[in-house]
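Undergrad:
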Amino acid sequence: MKKLISKLTLSLVLFLSFGMTAEAQLAKSGKFSGTFNAAGKALAMHMLGEAPVFILAEIFGGTTNDAGSGIFHMGSFKCTFANEVVQMPKTVGNGYCTVRDADGDLFTMRASEKGSLVGSAVGATTFVHGTGKYKGITGSGWYKGTPLPEIQPGTFQITATMGGTYKLP
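Numbering (the numbering used here), first residue to last: 2 to 170.
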């Protein structure tokens with residue numbers, strides 16, 4: 002009985018190890034599409050009377066890839082964005098987002114967007130840095146974010162679709 006348990010345990014360990022190694026493999030180039038959900042808060046605001054004209058925001062969230070694996074699948078991210086209110090409620094913004102995958106590898110994207118304080122935003126992204134399997138990553142993408150109901154005053158929540166292409170050296 003002990004031998005059977007040992008064999009089953011060894012088989013399980015080998016099976017799980019194979020699964021982790023297979024998940025760590027990433028195609029050298031490809032397309033991606035997926036979703037992300039995030040929550041954030043304003044770190045600072047410049048006001049003109051009672052209306053904001055500049056907002057510095059920090060955003061945290063998670064990503065999934067529509068394929069169920071690959072880049073962006075089950076990732077966590079942090080973004081820092083600067084948004085200018087160009088004509089109430091229209092905004093333009095720029096920022097950086099860093100994504101961490103399940104292996105602990107990171108990549109950073111530069112983003113620019115146009116949107117509204119009370120509505121959706123559309124943005125373009127460019128890969129700028131990477132560690133581990135993402136070292137040397139290049140590519141670009143897009144996203145369209147839609148606001149969700151505020152859960153607490155001073156915070157904001159969004160859901161978004163995204164897509165794009167990437168290339169690794």
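Ideal Cβ positions, reconstructed from N, Cα and C, are used throughout, including at glycine.
#1: What is the DSSP secondary structure of G137, counted as helix, strand or coil?
#2: Could you tell me if G96 is buried or exposed, where buried requires 16 or more neighbouring beta carbons within 10 angstroms of its beta carbon?
#3: Take I138 as the anchor and find which of D67, Y167 and G76 has the nearest alpha-carbon.
#4: Is the stretch 38-51 in contact with the stretch 101-114, if contact means three or more CB pairs nearer than 8 angstroms?
#5: Which partner residues of V86 appear in the DSSP bridge assignment?
#6: Within 10 angstroms of its Cβ, does G133 collect 16 or more other Cβ (buried), or is it exposed?
#7: Does DSSP put M163 in a helix, in a strand, or in coil?
#8: Just how far apart, CA to CA, sit Q88 and A28?
#9: Using the beta-carbon count (16 or more within 10 Å), is T156 buried or exposed?
#10: Suppose you measure from the CA of N84 to the CA of A40; what does that come to, to the nearest Å?
#11: By DSSP, does T1 sit in helix, in strand, or in coil?
#12: Would you say A122 and G142 are within 7 angstroms of each other, going by their C-beta atoms?
#13: With K32 as the anchor, note down where its beta strand (DSSP E) starts and where it stops.
#14: In the structure shown, what three-state DSSP assignment does V123 receive?
#15: Is M75 buried or exposed, if buried means 16 or more other CB atoms sit within 10 Å of its CB?
#16: Sorted by chain position, which residues of the same chain lie with C-beta nearer than 8 angstroms to G105's C-beta, five sequence neighbours on each side aside?
#17: Could you round the C-beta distance between P90 and V54 to whole angstroms and report it? I think they count as a contact, below 8 angstroms.
#18: Going straight from the alpha carbon of F82 to that of I60, what length do you get?
TA: The answer reads as follows:
#1: Counting from 1 along the sequence shown, the entry for residue 137 is found at position 136. In the structure shown, G137 sits in coil (DSSP, three-state: anything other than H, G, I, E or B).
#2: Your numbering for residue 96 matches position 95 in the sequence shown. Counting Cβ neighbours within 10 Å, G96 comes out buried, since at least 16 surround it.
#3: Along the sequence shown, one-based indexing puts residue 138 at 137. That would be Y167, whose Cα lies nearest to the Cα of I138.
#4: Counting Cβ pairs under 8 angstroms, fewer than three are found: no touch.
#5: As a working note, residue 86 is residue 85 in the sequence shown. Note: V86 sits in a beta bridge opposite T92.
#6: Position 132 of the sequence shown holds residue 133. Taking all protein chains shown into account, G133 has fewer than 16 neighbouring C-beta atoms within 10 Å of its C-beta and is therefore exposed.
#7: Here residue 163 is taken as the residue at index 162 of the sequence shown, counted from 1. M163: strand per DSSP, three-state reduction.
#8: Against the sequence shown, residue 88 aligns to sequence position 87. Against the sequence shown, residue 28 aligns to sequence position 27. About 43 angstroms.
#9: As a working note, residue 156 is residue 155 in the sequence shown. In the assembly as shown, T156 is an exposed residue. Its beta-carbon has fewer than 16 other beta-carbons within 10 Å.
#10: On the sequence shown, position 83 is the one that residue 84 refers to. On the sequence shown, position 39 is the one that residue 40 refers to. Their backbone Cα atoms lie some 16 angstroms apart in a straight line.
#11: Since the first residue of the chain shown is 2 and the last is 170, residue 1 is not available in this structure.
#12: Within the sequence shown, the letter at position 121 stands for residue 122. Within the sequence shown, the letter at position 141 stands for residue 142. No, the pair does not count as a contact, with Cβ atoms beyond the cut-off.
#13: Stepping through the sequence shown from its first residue, residue 32 is reached at position 31. Run containing K32: S30 to L49, per the beta strand (DSSP E) assignment.
#14: Numbered from its first residue, the sequence shown carries residue 123 at position 122. In the structure shown, the three-state DSSP call for V123 is strand.
#15: Mapped onto the sequence shown, residue 75 falls at position 74. By the 10 Å Cβ count, M75 comes out exposed.
#16: Indexing the sequence shown from 1 puts residue 105 at position 104. G133.
#17: For this step, residue 90 is matched to residue 89 along the sequence shown. For this step, residue 54 is matched to residue 53 along the sequence shown. Between V54 and P90 the Cβ distance is about 12 angstroms, and since that is not below 8 angstroms, they are no contact.
#18: Your numbering for residue 82 matches position 81 in the sequence shown. Your numbering for residue 60 matches position 59 in the sequence shown. Rounded to whole angstroms, F82 to I60 spans 8 angstroms at the Cα level.
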